[in-house]
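K.L.:
Numbering-wise (the UniProt record's numbering), the sequence shown opens with residue 1 and increments by one.
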Amino acid sequence: MNQAATTLLQSPLLHATSIAVVYRGEEFILHRGELETGKSNPPDDSTLYEIGSVSKTFAGLLLANAVLEGKATLDDPIQKYLPSAYPNLQSDGEPIRLRHLVTHTSGMPGMLPLQVNEVLKDFTAHATPARLNAAYADYGQLRFWQDLHTVSINGPLGKDYAYSSAGTELVAHALEKIHGAPYESLLAEFLAREAGMHDTWLRLRAQDTRRLAPGYHSDNPVGTTPMPLLPWGAAGALKATMPEMVKYLRLQLSRHPAVTESHKPLVRFAEDFSMGYFWNIGQSSQLGTHYVHHGGVPRAQCYLYLVPKYQLGVFIITNQSGDATANAMERALAPLFDRVESMQGR
């Protein structure tokens, strides 16, 4: 972990990282660097990080649990849960189903409102965070439902991978209809009950905002504002501490029935790539079958890896977000995976 942190912080623009590892039942957390250059304020166990799209795996877990409870099926058409008719959410007479949403094969756009997709094409521009904030100012569920009528679906469904945060938001709404409660409370109750997680948030309380890690976008030395909240937040709005992420790694490495269900491969795209309930399922000679998700907002990026072959879970995060950040984290973790592989049989 020290080597991974040292390697990562040698990358330009990166000056803080936290890493959590669960290995063979043991827990490890490492914090390195400064959240703000020159201020001697390293991250610690109380620091709240924005985990971005890793949030999607939480929504997938809740849906997997609903399926096991018999309250939903993957073949449910999403129209079953919508507030009005959306005849546009189909392709060649085939309706978008829950399984299409959790595997990113629904043909839904990446984001709603649609103009956000144009903003993100120039992700590294210094103006991008401000443009995102403007696009999501007062953008709630009502406007989401209005914009959903403008979506065009290009099929066939269930075959082509097209990453969609808008589709994840629909899953959160479906969960609300399934359970008759807000997604935020459903998530909080499940995490508290099943994993003992009490410090993971969609919306921060006023007293917790001071714990939120400052963050940097692209090569801008000036800190940027937090990611605006999406209508439900399931696509990328969770904030969590590293001890909380350790609990989540433990849950994801357990034999919890909902975890097992959420890890099932639902669509296979290549010999080494399938999709579960929002999980990217990889296959390699070193890691065997493993589960991965990247998270990114304009002020933080992270990776979560689950490697059942080694009873290993890894979460790494840094409070900077640019085009090279994800690759830097992958390079930093490579020696960690090599070390774990070498320790097998000891």
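Yeah, the Cβ is synthetic: ideal placement off N, Cα and C, and Gly gets one too.
Everything numeric in this text was worked out from a predicted model, so none of it was measured.
Measure the C-alpha to C-alpha separation of A234 and A181 and round it to an integer number of angstroms.
P.N.:
Each residue's alpha carbon lies about 14 Å from the other.
K.L.:
Assuming E169 and W232 make a contact with CB atoms under 8 Å, what is their CB distance in whole Å?
P.N.:
5 Å
K.L.:
Using the DSSP secondary-structure output, state which residues sit across from H293 in a beta bridge.
P.N.:
Its beta-bridge partners are L304.
K.L.:
Excluding the 5 residues preceding and the 5 following S284 in the sequence, name in chain order all residues of the same chain whose CB lies nearer than 8 Å to its CB.
P.N.:
D272, H290
K.L.:
For Y303 and G313, which I take to be in contact (beta-carbon distance under 8 Å), what is that distance rounded to the nearest angstrom?
P.N.:
Not confirmed; about 11 Å, so no contact.
K.L.:
Is the separation between the beta-carbon of H259 and that of Q252 shorter than 8 Å?
P.N.:
Here residue 259 is Val; the residue named in the question, His, does not match the sequence. It is a contact, given that the beta carbons lie within the stated cut-off.
K.L.:
My guess is that H293 and S53 are in contact by the Cβ rule of under 8 Å, so how many angstroms apart are they, rounded?
P.N.:
7 Å
K.L.:
According to the neighbour-count rule (16 or more other Cβ atoms, all chains shown, within 10 Å of its Cβ), is G236 buried or exposed?
P.N.:
buried
K.L.:
Can you check which of these residues, T241, D323, P265, is closest to D45 by C-alpha distance?
P.N.:
For the residues T241, D323, P265, the minimum Cα distance to D45 belongs to T241.
K.L.:
I'd like to know if the region 31-43 and the region 324-341 are in contact, where contact means that at least 3 CB-CB pairs between them fall below 8 Å.
P.N.:
no
K.L.:
Since T318 is in the beta strand (DSSP E), which residue starts that stretch and which ends it?
P.N.:
312-318
K.L.:
Could you check which residue in F144, V102, E50 has the C-alpha nearest to that of L157?
P.N.:
V102
K.L.:
What are the start and end residues of the beta strand (DSSP E) that includes L30?
P.N.:
Counting along the chain, the beta strand (DSSP E) containing L30 begins and ends at 26-33.
K.L.:
Near F8, what residues of its chain come up, given a Cβ to Cβ distance below 7 Å and the 5 sequence neighbours on each side ignored?
P.N.:
According to the sequence displayed, residue 8 carries Leu and not Phe. Only L14, T17, T318, A328, M329, A332 meet the Cβ criterion.
K.L.:
Going by the DSSP bridge assignment, what does H217 pair with across the sheet?
P.N.:
S321
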